[in-house]
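Student:
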Amino acid sequence: MQAVGIPPEWADYADILKNYASQYVPVDYKADAEYSSAQEIQVFKQSKNHPYGDIGDVGFSFGPTVIKQGLVSPYKHAHWDDIPDELKDPKGNWCTEYWGAQSFVVNTDIVKNPPTSFKDLLNNNYKNMVGIDGDPRQATDALYAVYSAALAQTGNLDSIQPGIDFFAQLKKKGNFTPARSSEANIVKGEVAIGIMWDYLGLGFRDKYASSHPNLKVIIPSDGSIAGPYISIINKYAPHPYAARLWNEYIFSDEGQLFYLKGYAHPARYQKLQAAGKIPADLAAKLPSADEYKNVKFVSDTTKLSAATQALSQNWQSQVLGQ
Numbered sequence: 051m052q053a054v055g056i057p058p059e060w061a062d063y064a065d066i067l068k069n070y071a072s073q074y075v076p077v078d079y080k081a082d083a084e085y086s087s088a089q090e091i092q093v094f095k096q097s098k099n100h101p102y103g104d105i106g107d108v109g110f111s112f113g114p115t116v117i118k119q120g121l122v123s124p125y126k127h128a129h130w131d132d133i134p135d136e137l138k139d140p141k142g143n144w145c146t147e148y149w150g151a152q153s154f155v156v157n158t159d160i161v162k163n164p165p166t167s168f169k170d171l172l173n174n175n176y177k178n179m180v181g182i183d184g185d186p187r188q189a190t191d192a193l194y195a196v197y198s199a200a201l202a203q204t205g206n207l208d209s210i211q212p213g214i215d216f217f218a219q220l221k222k223k224g225n226f227t228p229a230r231s232s233e234a235n236i237v238k239g240e241v242a243i244g245i246m247w248d249y250l251g252l253g254f255r256d257k258y259a260s261s262h263p264n265l266k267v268i269i270p271s272d273g274s275i276a277g278p279y280i281s282i283i284n285k286y287a288p289h290p291y292a293a294r295l296w297n298e299y300i301f302s303d304e305g306q307l308f309y310l311k312g313y314a315h316p317a318r319y320q321k322l323q324a325a326g327k328i329p330a331d332l333a334a335k336l337p338s339a340d341e342y343k344n345v346k347f348v349s350d351t352t353k354l355s356a357a358t359q360a361l362s363q364n365w366q367s368q369v370l371g372q
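Numbering (my numbering), first residue to last: 51 to 372.
The structure is reproduced here in structure tokens:
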């Protein structure tokens with residue numbers, strides 16, 4: 051089977067890939083594991099003439115796109131009824147596997163006064179320290195960072211423009227760096243404050259717990275959006291039955307608990323918790339529930355489409371072009 055955009059270090063896909071392959075069929079994933087959601091969709095487009103790629107893992111905002119462009123094959127896995135209606139396509143074209151929340155991943159070896167809110171990022175002297183996880187016009191993680199900044203400014207999800215304005219201010223102040231908040235850049239201190247998914251930061255934190263840097267993961271108090279990631283099956287999948295089997299596996303108890311092990315919030319969490327299947331040691335590794343009480347979901351895909359369009363039109367000129 052060929053997996054597109056499935057990085058092993060992301061949400062414990064390392065264990066998911068390993069166990070799926072050991073139980074079923076080998077997985078080819080290395081060549082394009084780091085692809086953004088937009089790049090994954092491009093692979094699916096090209097596969098009509100050059101078959102490649104069976105499954106993908108893309109941001110929630112790309113759900114309408116893959117349907118509109120006719121790129122996916124519908125399939126409803128055995129645990130379909132466990133998934134909340136707002137987190138799946140009613141016709142089976144896509145389904146949320148897990149979600150994360152936007153957080154600050156802070157290198158406390160460098161930042162002695164960690165920010166707890168987006169407001170802090172403007173008020174304090176974090177010269178060239180604040181980075182996001184890629185280009186928000188292409189990468190879902192970065193899109194939600196900008197959208198979370200908008201939520202922090204206005205208290206609502208009506209428009210992403212206040213978030214674009216925020217990053218323009220952050221750049222003007224000299225605090226925003228164009229460097230991506232990748233693991234490598236955070237470790238070497240090129241990005242001292244990364245705005246990104248909590249599960250990525252928590253994974254980095256524990257990976258370097260016995261060495262350096264010391265990392266702290268903080269859910270911003272004034273604005274954090276939860277971002278679901280969705281599983282899609284390529285309409286032109288070279289191995290369609292392996293792709294369906296992949297979906298059965300990632301939505302099984304075992305697959306969902308691996309996401310939790312990778313600090314992501316599995317889509318079936320409530321069902322697993324009700325059944326007493328959540329190991330206490332896994333639940334304890336997440337930030338406290340209080341930190342997540344103000345986290346919001348954007349289930350209205352029209353708002354996500356509007357946000358994507360606004361970024362496409364304004365990010366270069368209003369933020370990068372300064």
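Using N, Cα and C, we set each Cβ at its ideal position, and we do this for glycine too.
1. Just to confirm, is the Cβ distance from I282 to V180 under 8 Å?
2. Pick helix, strand or coil for K138, following the three-state DSSP scheme.
3. Which residues bound the alpha helix (DSSP H) around K223?
4. DSSP state of W373, grouped into three classes?
5. Quick check on this structure: which residue in F347, S231 and G106 has the alpha carbon closest to the alpha carbon of E136?
6. Could you tell me the distance, in whole angstroms, from the CA atom of H262 to the CA atom of G55?
7. Checking 8 Å against the spacing of the C-beta atoms, do S231 and S153 come in under that value?
8. Just to confirm before moving on: does the CB-CB distance between A357 and L193 stay below 8 Å?
9. Kindly indicate the opening and closing residues of the beta strand (DSSP E) around V108.
10. When you compare only the Cα positions, how much space is there between K378 and P270?
11. Taking S86 as the reference, which of A276, V75 and D183 has the closest Cα?
12. Residues in its own chain within less than 7 Å of L295 by CB, not counting five upstream and five downstream?
13. DSSP three-state call for S86: helix, strand or coil?
14. Going by DSSP, which residues form a beta bridge with K266?
15. May I ask you to report which of helix, strand or coil DSSP gives Q119?
16. Tell me the DSSP bridge mates of M246?
17. Please give me, in chain order, every unbroken run of the beta strand (DSSP E) with length at least 3 that falls completely inside the stretch 169-208.
18. Is the stretch 111-125 in contact with the stretch 247-259, if contact means three or more CB pairs nearer than 8 Å?
19. Output needed for K223: all residues of its chain with C-beta closer than 7 Å, excluding positions within five of it in sequence on either side, in chain order.
20. Pull up the DSSP beta-bridge partners for P124, would you.
21. Who pairs with H315 in a beta bridge, going by DSSP?
22. Round the Cβ separation of W144 and I280 to the nearest angstrom and send it over; I've been treating them as touching at under 8 Å.
23. Following a CB-centred definition, is S338 positioned closer than 7 Å to any heavy atom of the ligand FMN?
24. Which residues in the same chain have their Cβ closer than 6 Å to the Cβ of N235, if we skip the five residues on either side of it in sequence?
25. In the DSSP assignment, find the alpha helix (DSSP H) that holds Y74 and state where it starts and stops.
26. Taking all protein chains shown into account, do 16 or more other C-beta atoms lie within 10 angstroms of the C-beta of D131, making it buried, or fewer, making it exposed?
Tutor: In terms of the structure at hand:
1. no
2. strand
3. Q211 to K223
4. Any question about residue 373 goes unanswered here, given that the chain covers just 51 to 372.
5. F347
6. 28 Å
7. no
8. yes
9. I105 to G109
10. The requested residue 378 is not part of the displayed model; the chain covers only 51 to 372.
11. D183
12. Y74
13. coil
14. V156
15. coil
16. S153
17. 180-182
18. no
19. L172
20. None; P124 has no bridge partner.
21. W149
22. 4 Å
23. Annotation note on the ligand FMN: not contained in the displayed structure, which lists no ligands.
24. A229 and V241
25. From DSSP, Y74 is part of no alpha helix (DSSP H); its letter is neither H nor E.
26. exposed
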